[in-house]
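Protein chains in written order, with the working numbering: chain U, 1 to 428; chain H, 1001 to 1285.
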């Protein structure tokens, strides 16, 4: 679903109302938050109330979880406000415009550029955390033109799910390369399934979550080294679009994309393969039964293109507001949350994969078959670029990919994407 | 004085929530205000008509205009025909259970579109109810909502179904205002049912029909919910409407371009309404 767009749009509607009221006091650095020098955070105990906004399961569980932090910092108190994902941007924009911000906020990785563009986030103090300790892709997605505005909290990545029983019948094993995947899907279809693989279609299903990895797998980079302009590689883009579209034109993937029957088609065997995140184990378990999932569903890292087997990386970060009343306490809470032991405990609480890589070097991540697949995949990931124009850029790519899937030329779409990138700019 | 005092609550709410944003977005459409200007909305550049020029150079916006007029051009006649058909049937043919039918046909208007969308999606999906029924008579139906050609007709059909109830009520009121004895006189003179409909009902209903057309076209030009819940503007942007384009631009953080697009839509609505009011008035005089 198009959550990010919806969140942004609802936020924007609020903004129109705010415009008349929020005119005064323009900061010179408007446009990119954190104009001043980053604060320094010492080793002393945190004090005072720390207000945090968080979404989803994280928002529901963080308050209790933070008891561990309060035990170490008896003078501190953590209050968590749980907010729905769809309201994040609205609440963020309203709070920033009106100056009623909490101390810290959870940031969906795709929302970070919009938040930094709107202003209000403080720079991460240089010595707060050891940047080397984080998943590299996650860390990059907290940075805007070299400056970090948030600390990675948890990550999620996509792996390939397929029906073990049907693959056995079809006589195929987990695909390792692009060609393997095509053969795999063909064999599944020949074995009696309606289709071989489920792929997302169009803007509505955020198909860049699959196409962006295909592009990275073909060796493409999205931004230039400085991170201040798109650097689409037309050849890799053509390759990725062609590969994506080949499943549709060969009848191996339904033109309707996932549609409303994604898990049902997987369970009844009519479409026995898809690429998705770790939450699908739970979704399928609820729909069928956890035993059924154990017996019939295998996961494997995504197949590799000519260059690598990068998969889509998402996740959540934590940021602190420039106008926070208790920024010092908030940074200390974030530092505590990014300690390896805390990250492991947090995984046990809400099943969110640690963003700190050393936390993944222990049980259960090394031995559990499903977790170790995710763990392997986390070494090869690609995240959407941290630029405000990505929402529009990705929507454009999704429509172009839809055209190619309908039979138009991949090369033409690739050059249209390059031209669009030039006219759009990064949006800063 | 006292009257103004009573009007004050409304005026304040109107000024803050309607007039303010209205004027604000009008001013915004001539600036380059975007998400980065959130904390300093008055420090933007005034860029004149650049947004409007950019809009009409954007293929997607032009496409959204074409799509919107497709929806309006087919949807309004269809909805009005259905509404009139129902009204006439209820007014003359059906004596028993009239209120049951009236409630039944009005139900779509008051039903939540989100709930309705689920049912419509099931009906229109590849192996859904509609295609199953079509297959009985040997027709191999398309995947309605995922086919760039058929998606818009599907959305129009849903729009017509959702709005015909409102028109039915309006037209029924208009029909019941026509005196019975006029019809009886015509019948005595030997006019057929069809003749009575075309030469009497339609001319006498003209003001009511135009009222329905104006109300409907203002709503239809702003069509958003149907594509939002059914197709998200796809496939291949074939159901992307002007309102949807505005919504997307807001999502991308380009508030000034979105405002400009909203005012283009406003101009279309104003122009179409003006034409319809003129038609309405010329007949009265």
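Cβ coordinates follow ideal geometry from the N, Cα and C atoms, glycine included. If you're wondering where the values come from, they're calculated on a predicted model, not measured in any experiment.
Taking residue 263 of chain U as reference, the option from U:297, U:252 and U:243 with the minimal CA-CA separation is U:297. If you check the CB distance, residue 273 of chain U and residue 198 of chain U come in under 8 Å. The three-state secondary structure of residue 381 of chain U, taken from DSSP, is strand. Among the residues of the segment 1109-1138 of chain H, those with a Cβ less than 9 Å away from any Cβ of chain U are 1118, 1121, 1122, 1125 and 1126, in the order of the chain.
Between residue 227 of chain U and residue 315 of chain U, the beta carbon gap of about 19 Å keeps them out of contact (Cβ cut-off 8 Å).
In this structure, the straight-line span from the alpha carbon of residue 292 of chain U to that of residue 1224 of chain H is close to 41 Å.
Against residue 202 of chain U, the close residues of chain H are 1232, 1234, 1235 and 1236, in the order they occur along the chain (beta-carbon pairs closer than 8 Å). With a 10 Å radius around the Cβ and a threshold of 16 neighbouring Cβ atoms, residue 206 of chain U comes out buried.
Contact check for residue 188 of chain U and residue 106 of chain U: beta-carbon distance about 39 Å, past the 8 Å limit, so the pair fails to qualify. Nearest C-alpha to residue 1179 of chain H among H:1145, H:1092, H:1106 and H:1158: H:1092.
Annotation: Cβ neighbours of residue 1035 of chain H in chain U (cutoff 7 Å, chain order): 114, 117, 118 and 388. The beta carbon of residue 1165 of chain H sits closer than 6 Å to the beta carbons of 1105, 1106, 1108 and 1109 from its chain, once the five residues preceding and following it are set aside; these are given in chain order. DSSP places residue 80 of chain U inside the beta strand (DSSP E), whose first and last residues are 76-83. In the three-state reduction of the DSSP assignment, residue 1184 of chain H falls in the helix class, which pools H, G and I. Counting along the chain, no alpha helix (DSSP H) covers residue 232 of chain U, and no H or E run does either. Interface annotation, residue 256 of chain U: in contact with chain H, CB-CB separation under 8 Å. Residue environment for residue 152 of chain U: buried (at least 16 other C-beta atoms within 10 angstroms of its C-beta).
Taking 8 Å as the cut-off, the beta carbon of residue 350 of chain U is found closer than this to the beta carbon of residue 61 of chain U. Look at the beta carbons and you see the segment 1271-1280 of chain H not touching the segment 222-241 of chain U: under three pairs across the two are nearer than 8 Å. Between residue 266 of chain U and the set U:96, U:165 and U:83, the nearest pair of CA atoms involves U:165. Within chain U, the residues placing a beta-carbon under 7 Å from that of residue 1252 of chain H are 391 and 392, ordered along the chain. Around the beta carbon of residue 322 of chain U, a 10 Å sphere encloses 16 or more other beta carbons of the protein chains shown; the residue is thus reported as buried.
Contact residues of the segment 402-413 of chain U toward chain H are 402, 403 and 406 (C-beta to C-beta distance below 9 Å). Put simply, of H:1187, H:1170 and H:1183 the residue whose alpha carbon is nearest the alpha carbon of residue 1102 of chain H is H:1170. Counting only the Cα atoms, residue 395 of chain U lies some 18 Å from residue 1261 of chain H. The C-alpha of residue 381 of chain U lies about 36 Å from the C-alpha of residue 1243 of chain H.
According to the DSSP assignment, residue 223 of chain U belongs to no beta strand (DSSP E), since it is labelled neither H nor E. The C-alpha of residue 318 of chain U is placed about 39 Å away from the C-alpha of residue 1052 of chain H. Neighbours of residue 1032 of chain H across chain U, judged by C-beta separation under 8 Å, do not exist; the nearest C-beta is about 12 Å away. Taking 8 Å as the threshold, the shortest C-beta distance from residue 93 of chain U to chain H falls below it. With its beta carbon less than 8 Å from one in chain H, residue 96 of chain U belongs to the interface. Between residue 1039 of chain H and residue 119 of chain U, the C-beta gap is smaller than 8 Å, which places the two residues in contact. Taking 8 Å as the cut-off, the Cβ atoms of residue 405 of chain U and residue 255 of chain U count as close.
At a beta-carbon threshold of 8 Å, none of the residues of chain U lie near residue 1181 of chain H; the nearest stands roughly 54 Å away.
Not one beta carbon of chain U lies nearer than 8 Å to the beta carbon of residue 1050 of chain H.
Under the Cβ distance rule, residue 206 of chain U does not count among the residues neighbouring chain H, no pair being separated by less than 8 Å.
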